[in-house]
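Shown next, in the form of structure tokens:
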């Protein structure tokens, strides 16, 4: 059971850290994602987005990382939720440009690299996912500090949102064996958003997709949802023969849908389901 008090303490600690590191250059800090859309699930992150007036120094990145290693929960260990924090310099995202650039990111998938002393473990500052993050923040977020997001962030064009969402489609299959649940749920969100122009939580996207899967593949997505919401433990051995074909089916449907939409139609807009 996730403790509300624990989460509030984590948010308070993160905000204190950001104020200490950036001072007056902290323009805005926002809570978004599962906490506000669909609710935190068993394996959910606390998603934080930060806008600053300048880029961080190497020393500041070390300070951020060192403290976040303690504030964040470790993925799939204990009950304290993991923190995912993305920091951008305002000038890098407003005016909008694609691909957008980020300044700093903390996520539990980087923990091992950070603990080894690699405090800038990314190969590029380009981050297409910022198109998705900023869109979500402008649709629904909670301001923890600074100005409201509409005052700092430029809207993301529909074309760039879709381009970013589909950016890692081919790479997802590479992670299927090691991260089965997240690959399945990510594909569910991509398919449902591509077809409806609506962003859904992972469980809601799974429900949307289950209704459109064959009877052979429905148990695969049903298992992914059940694990996500904490009703089942991570277990796939009994469904191994169906998982890959389920993924191939979803990717085929996604690619078919890509061909049928006009990415440059100005009437297309992304909303929350």
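Residue numbers (this note's numbering): 474 to 746.
Yeah, the Cβ is synthetic: ideal placement off N, Cα and C, and Gly gets one too.
Every value quoted in this text rests on a predicted model; they were computed, and no experiment measured them.
Less than 8 Å between the beta carbons of residue 554 and residue 586, yes or no? Position 81 of the chain shown holds residue 554. Position 113 of the chain shown holds residue 586. It is not a contact, given that the beta carbons lie outside the stated cut-off.
Cutoff 8 Å; reference residue 612; Cβ partners in own chain excluding five residues on either side: For this step, residue 612 is matched to residue 139 along the chain shown. Here residue 612 has 672, 743, 744 and 745 as same chain residues with Cβ atoms under 8 Å from its own Cβ, once five neighbours each way along the sequence are excluded.
Residue 506 - DSSP class collapsed to helix/strand/coil: In the chain shown, residue 506 corresponds to position 33, counting from 1. Judged by DSSP in its simplified three-state form, residue 506 adopts helix.
Return the CA-CA distance between residue 513 and residue 505, expressed in angstroms with no decimal places. Looking up residue 513 in the chain shown gives position 40. Looking up residue 505 in the chain shown gives position 32. A direct Cα-to-Cα measurement between residue 513 and residue 505 gives close to 11 Å.
Would you report the Cα separation of residue 507 and residue 681, rounded to the nearest angstrom? For the purposes of this step, residue 507 is taken as the residue at position 34 of the chain shown. For the purposes of this step, residue 681 is taken as the residue at position 208 of the chain shown. The straight-line gap from Cα to Cα measures roughly 17 Å.
Secondary structure at residue 731, three-state DSSP: helix, strand or coil? In the chain shown, counting from the first residue as 1, residue 731 sits at position 258. DSSP places residue 731 in helix when its eight states are reduced to three.
Applying the criterion that 16 or more other CB atoms from any shown protein chain within 10 Å of the CB defines a buried residue, is residue 716 buried or exposed? For this step, residue 716 is matched to residue 243 along the chain shown. By the neighbour-count definition (other C-beta atoms within 10 Å, threshold 16), residue 716 is a buried residue.
Nearest-angstrom Cα separation, counted from residue 702 out to residue 474: For the purposes of this step, residue 474 is taken as the residue at position 1 of the chain shown. For the purposes of this step, residue 702 is taken as the residue at position 229 of the chain shown. Because the pLDDT of residue 474 is 48, which lies under 50, any placement of that residue in the model is unreliable, and the question is left without a value.
Take every Cβ of the region 521 to 528, pair it with every Cβ of the region 640 to 656, and state whether three or more of those distances are shorter than 8 Å. No, the region 521 to 528 is not in contact with the region 640 to 656.
Given residue 632, which residues of its chain have a CB within under 8 Å of its CB, disregarding the five upstream and five downstream residues? Residue mapping note: residue 632 aligns to position 159 of the chain shown, counting from 1. Non-local C-beta neighbours of residue 632 in its own chain, meaning closer than 8 Å and more than five positions away in sequence, comprise 736 and 737, ordered along the chain.
Taking residue 617 and residue 503 to be in contact with their CB atoms under 8 Å, please state how far apart those CB atoms are, rounded to whole angstroms. Stepping through the chain shown from its first residue, residue 617 is reached at position 144. Stepping through the chain shown from its first residue, residue 503 is reached at position 30. Indeed, because the Cβ distance is near 6 Å, the residues count as touching under 8 Å.
So which of 551, 712, 646 and 558 has the shortest CA-CA distance to residue 434? The structure shown does not extend to residue 434, since the chain is modelled only from 474 through 746, so no value can be given for it.
State yes or no: is the C-beta of residue 594 within less than 8 Å of the C-beta of residue 603? Locating residue 594 in the chain shown gives position 121, counting from the first residue. Locating residue 603 in the chain shown gives position 130, counting from the first residue. Not in contact: residue 594 and residue 603 (Cβ atoms no closer than 8 Å).
For the beta strand (DSSP E) holding residue 561, just list the boundary residues, first then last. What you label residue 561 is simply residue 88 of the chain shown in a count that begins at 1. Where residue 561 is concerned, the enclosing beta strand (DSSP E) stretches over 556 to 562.
With distances taken Cα to Cα, identify the nearest neighbour of residue 707 among 515, 676 and 494. Stepping through the chain shown from its first residue, residue 707 is reached at position 234. Checking every option, the nearest Cα to that of residue 707 belongs to 515.
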